[in-house]
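Chemist: Below is a structure I'd like to ask you about.
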Ligand SMILES: C[S@@+](CC[C@H](N)C(=O)[O-])C[C@H]1O[C@@H](n2cnc3c(N)ncnc32)[C@H](O)[C@@H]1O
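In this note's numbering, the protein residues as written are 56 to 360.
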């Protein structure tokens with residue numbers, strides 16, 4: 056039976072959440088659930104909130120209880136989390152948990168559970184399994200002290216970009232690092248991350264933000280077009296607000312430099328740049344659109360080598 060993953064994302068960020076899930080767990084996602092043959096550590100995920108080892112599934116709740124009883128699942132000190140992704144099932148969660156507890160061998164411990172089960176209620180099917188990994192979602196606590204500016208990415212979005220392109224131990228360069236959101240998220244998950252930013256004042260804000268988080272010497276004031284070096288991955292959250300022709304020239308130059316530094320890149324733009332990426336010979340492995348107000352961010356995961 057496959058693992059199932061719970062995805063927690065607002066509607067506008069769902070495509071990005073699916074991309075994160077595809078890269079981290081290698082499976083297929085539909086709405087706010089994903090399935091994969093493998094169970095992976097999602098402690099550092101932005102949107103993938105639970106990884107659950109599937110133990111039973113059935114089209115209705117009574118059928119699910121019969122399947123679980125037939126498996127003689129033993130667990131001492133367990134708790135059950137109910138996740139509802141269907142409007143039609145109105146039985147209260149405590150009642151469902153009590154009925155499930157009756158078919159599990161062992162006793163519950165809601166205060167300090169040693170084992171956590173998950174009941175997922177979907178319109179057409181119910182799933183039951185054991186939680187094996189959960190996201191710790193530390194980024195939410197870090198937002199407050201940081202210096203922000205209007206272009207800064209939300210930390211969660213930045214965390215997802217990191218997860219698309221880098222793993223702990225990788226060397227990563229954010230070539231348009233702004234106030235350092237992506238660099239901070241990357242360092243937080245053990246990626247050896249650096250940033251460059253053309254605007255001295257903004258680069259100073261990035262350096263300040265990273266120092267607050269305990270990281271120094273990670274930000275250079277530099278033009279991404281002139282950057283050289285060797286990295287495992289590049290992030291390029293390209294400047295918005297240019298006319299399309301200026302942007303095309305600038306984007307091409309920044310992305311050409313990026314491609315020489317790393318075999319893969321995540322690129323974020325405020326418009327569709329598929330034609331440009333084609334022209335540069337980059338292959339888009341994944342893409343996602345994230346609309347917010349008047350702005351739609353386009354996210355591309357690229358093989359640049
Ligand atoms: C969309 S913002 C990046 C925001 C960033 N991800 C954050 O969360 O703070 C783009 C940034 O690229 C910078 N920039 C523009 N042209 C650049 C260049 N040639 N080299 C490096 N940075 C550049 C801008 O000053 C701006 O801060």
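C-beta atoms are modelled at their ideal positions from N, C-alpha and C, and glycine is treated no differently.
Could you give the DSSP three-state label for residue 140: helix, strand or coil?
Modeler: Assignment of residue 140 by DSSP, reduced to helix, strand and coil, places it in the strand class.
Chemist: Is any heavy atom in ligand 1 found nearer than 6 Å to the beta carbon of residue 68?
Modeler: no
Chemist: Quick one: is the Cβ of residue 289 within less than 6 Å of any heavy atom of ligand 1?
Modeler: Residue 289: no, Cβ never under 6 Å from ligand 1.
Chemist: So within the stretch 97-184, which uninterrupted alpha helix (DSSP H) runs reach at least 4 residues, ignoring any that extend past its ends?
Modeler: Those alpha helix (DSSP H) runs which fall completely within the stretch 97-184 and span 4+ residues are 116-125 and 148-157.
Chemist: If I'm right that residue 128 touches residue 107 with Cβ under 8 Å, what's the distance once you round it to whole angstroms?
Modeler: Between residue 107 and residue 128 the Cβ distance is about 14 Å, and since that is not below 8 Å, they are no contact.
Chemist: Determine the DSSP secondary structure at residue 85, reduced to helix, strand or coil.
Modeler: strand
Chemist: Does ligand 1 have a heavy atom nearer than 6 Å to the CB of residue 274?
Modeler: no
Chemist: By DSSP, does residue 281 sit in helix, in strand, or in coil?
Modeler: Of the three classes helix, strand and coil, the one that applies to residue 281 here is helix, per DSSP.
Chemist: By the three-class DSSP mapping on this structure, what secondary structure does residue 329 have?
Modeler: helix
Chemist: Using a threshold of 7 Å, state whether the C-beta atoms of residue 288 and residue 274 are closer than that.
Modeler: Using a Cβ distance threshold of 7 Å, residue 288 and residue 274 do not count as a contacting pair.
Chemist: Tell whether a beta-carbon distance below 7 Å holds between residue 248 and residue 238.
Modeler: yes
Chemist: Does at least one heavy atom of ligand 1 sit under 6 Å from the Cβ of residue 243?
Modeler: With a cutoff of 6 Å, residue 243 does not count as near ligand 1, since its C-beta is closer than that to no heavy atom of the ligand.
Chemist: I believe residue 91 touches residue 63 by the beta-carbon criterion, under 8 Å. Please report the beta-carbon distance rounded to the nearest angstrom.
Modeler: A Cβ-Cβ separation of about 17 Å leaves residue 91 out of contact with residue 63 under the 8 Å criterion.
Chemist: For residue 209, which option in 355, 71, 61 and 356 has the closest C-alpha, if you only look at C-alpha atoms?
Modeler: Considering only alpha carbons, the answer is 71.
Chemist: What residue from 94, 96 and 69 has the CA that sits closest to residue 84's CA?
Modeler: When only C-alpha atoms are compared, the closest one is 69.
Chemist: Rounded to whole angstroms, what is the Cα-Cα separation between residue 61 and residue 188?
Modeler: 11 Å
Chemist: Below 8 Å on the Cβ atoms is my contact criterion, and I expect residue 174 with residue 137 to pass it. Report the Cβ-Cβ distance as a whole number of Å.
Modeler: The Cβ separation is near 5 Å, so the contact holds.
Chemist: Please state whether DSSP places residue 198 in a helix, a strand or coil.
Modeler: The predicted model places residue 198 with a pLDDT of 48, which falls under 50 and marks its position as unreliable, so this point remains unresolved.
Chemist: Identify whether residue 93 lies in helix, strand or coil by the three-state DSSP scheme.
Modeler: coil
Chemist: Given a cut-off of 7 Å, decide if residue 134 and residue 155 are closer than it, judged by their beta-carbon atoms.
Modeler: Taking C-beta atoms as the reference points, residue 155 and residue 134 fail to come closer than 7 Å.
Chemist: Using a 10 Å radius around the Cβ and a threshold of 16 neighbouring Cβ atoms, would you call residue 225 buried or exposed?
Modeler: buried
Chemist: Consider the C-beta atom of residue 257 and the heavy atoms of ligand 1; say whether any pair is separated by less than 6 Å.
Modeler: Checking the 6 Å criterion, the Cβ of residue 257 is within range of a heavy atom belonging to ligand 1.
Chemist: Would residue 93 and residue 111 be called neighbours here (beta carbons separated by less than 7 Å)?
Modeler: No, the Cβ-Cβ distance between residue 93 and residue 111 is not below 7 Å.
Chemist: May I ask which residues mark the beginning and end of the beta strand (DSSP E) holding residue 341?
Modeler: From DSSP, the beta strand (DSSP E) with residue 341 extends over 338-347.
Chemist: Does the separation of the CB atoms of residue 344 and residue 353 fall below 7 Å?
Modeler: In this structure, residue 353 lies closer than 7 Å to residue 344 by Cβ.
Chemist: In angstroms, rounded to a whole number, what distance separates the CA positions of residue 118 and residue 357?
Modeler: 45 Å
Chemist: Using only the heavy atoms of ligand 1, determine whether one of them is closer than 6 Å to the beta carbon of residue 207.
Modeler: yes
Chemist: Residue range of the beta strand (DSSP E) that residue 80 falls in?
Modeler: No beta strand (DSSP E) holds residue 80; the alpha helix (DSSP H) holding it covers 69-80.
Chemist: So the candidates are 75, 99 and 98; which of them puts its Cα closest to the Cα of residue 88?
Modeler: 75
Chemist: Grab me the residues of residue 143's own chain with a C-beta within less than 7 Å of its C-beta, minus the 5 sequence neighbours each way, in chain order.
Modeler: 178
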